[in-house]
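Please read the structure below before turning to the comments.
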Amino acid sequence: MPPQAKKIVRTARKRRDLSTEFAFPPQMLPASRGAVQAYRQSAWEAFTALPLPDTNEEAWRRTDIHHLDPARFHIPAAEESAALPPVPPKLLAPLVDAAHGGQMVFTAAGVQTTLEADIAAQGVVFTDFASAERTHPEILQKILGQVVRPDEGKFSALAAAFAQQG
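With positions in the sequence shown counted from 1, the corresponding number in my numbering is that position plus 120.
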């Protein structure tokens, strides 16, 4: 009688549909107007429609997020953000040369922006999302979703829908 081959059992983890388990209702979307509001709404719709990435996708093949607990994600309240420590000075030091051409530091207190005067004189707009929405809406409208489209993935859609400063 020939020896029996060892039986191999393969199982797949059951994937949960986590799209409804994130604690971000659409009422939490930042208030916006015009093109930015349409962009946020489109991003929100993409977020709710797209599945979480899995290891079958090339970009995620080495990152298994099936243990990710979306219920633990939340947008921090102002008092939570205020309790964060300041940015360590060594992280703010220029990587190359003696000074930055421009730098933004995002903190609980807001955004600190610096831009070299000669660069600003050339008409360069160097600002955060919220300030651009207030002071340069026509420029913001042109570039929304041009680098990373909200429909590229669930997390890019979530980031686009809730973008506030970055």
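Ideal Cβ placement from N, Cα and C applies to all residues, glycine included. Only a predicted model underlies this, so the values are computations on that prediction, with no experimental measurement involved.
Pro270 classed as buried or exposed, judged by whether at least 16 other C-beta atoms fall within 10 angstroms: For the purposes of this step, residue 270 is taken as the residue at position 150 of the sequence shown. Looking at its Cβ environment, which holds 16 or more other Cβ atoms inside 10 Å, Pro270 is buried.
Roughly how many angstroms lie between the CA atoms of Pro150 and Ala237, to the nearest whole one? The residue labelled residue 150 in the question sits at position 30 within the sequence shown. The residue labelled residue 237 in the question sits at position 117 within the sequence shown. Using only the alpha carbons, I get a separation of about 32 Å.
Bridge partners of Leu170, per DSSP? The count along the sequence shown starts at 1 and reaches residue 170 at position 50. Paired residue(s): none; Leu170 is not in a bridge.
Expressed to the nearest angstrom, what Euclidean distance is found between the alpha-carbon atoms of Met148 and Ile195? Within the sequence shown, the letter at position 28 stands for residue 148. Within the sequence shown, the letter at position 75 stands for residue 195. Distance between the alpha carbons of Met148 and Ile195: 9 Å.
Within 10 angstroms of the Cβ of Arg181, are there 16 or more other Cβ atoms? Answer buried if so, exposed if not. Start at 1 with the first residue of the sequence shown, and residue 181 comes out as number 61. Its Cβ having fewer than 16 others within 10 Å, Arg181 is exposed.
Let me know the secondary structure DSSP gives Lys126 once reduced to three states. Taking the first residue of the sequence shown as position 1, residue 126 is located at position 6. Annotated three-state conformation of Lys126 is coil, per DSSP.
What residue from Gly286, Lys274, Ala280, Ala281 has the CA that sits closest to Ile185's CA? What you label residue 185 is simply residue 65 of the sequence shown in a count that begins at 1. Looking at the Cα atoms, Lys274 is the closest of the given residues.
Start-to-end residues for the alpha helix (DSSP H) that takes in Phe275: The count along the sequence shown starts at 1 and reaches residue 275 at position 155. Counting along the chain, Phe275 sits inside the alpha helix (DSSP H) bounded by residues 274-282.
Considering only the beta carbon of each residue, do Ala250 and Trp164 sit closer than 8 Å? In the sequence shown, the residue the question calls residue 250 occupies position 130. In the sequence shown, the residue the question calls residue 164 occupies position 44. Between Ala250 and Trp164, the C-beta gap is not smaller than 8 Å, which leaves the two residues out of contact.
Below 8 Å on the Cβ atoms is my contact criterion, and I expect His256 with Val245 to pass it. Report the Cβ-Cβ distance as a whole number of Å. Position 136 of the sequence shown, counted from the start, is the residue given in the question as residue 256. Position 125 of the sequence shown, counted from the start, is the residue given in the question as residue 245. His256 to Val245, Cβ: 6 Å. Contact.
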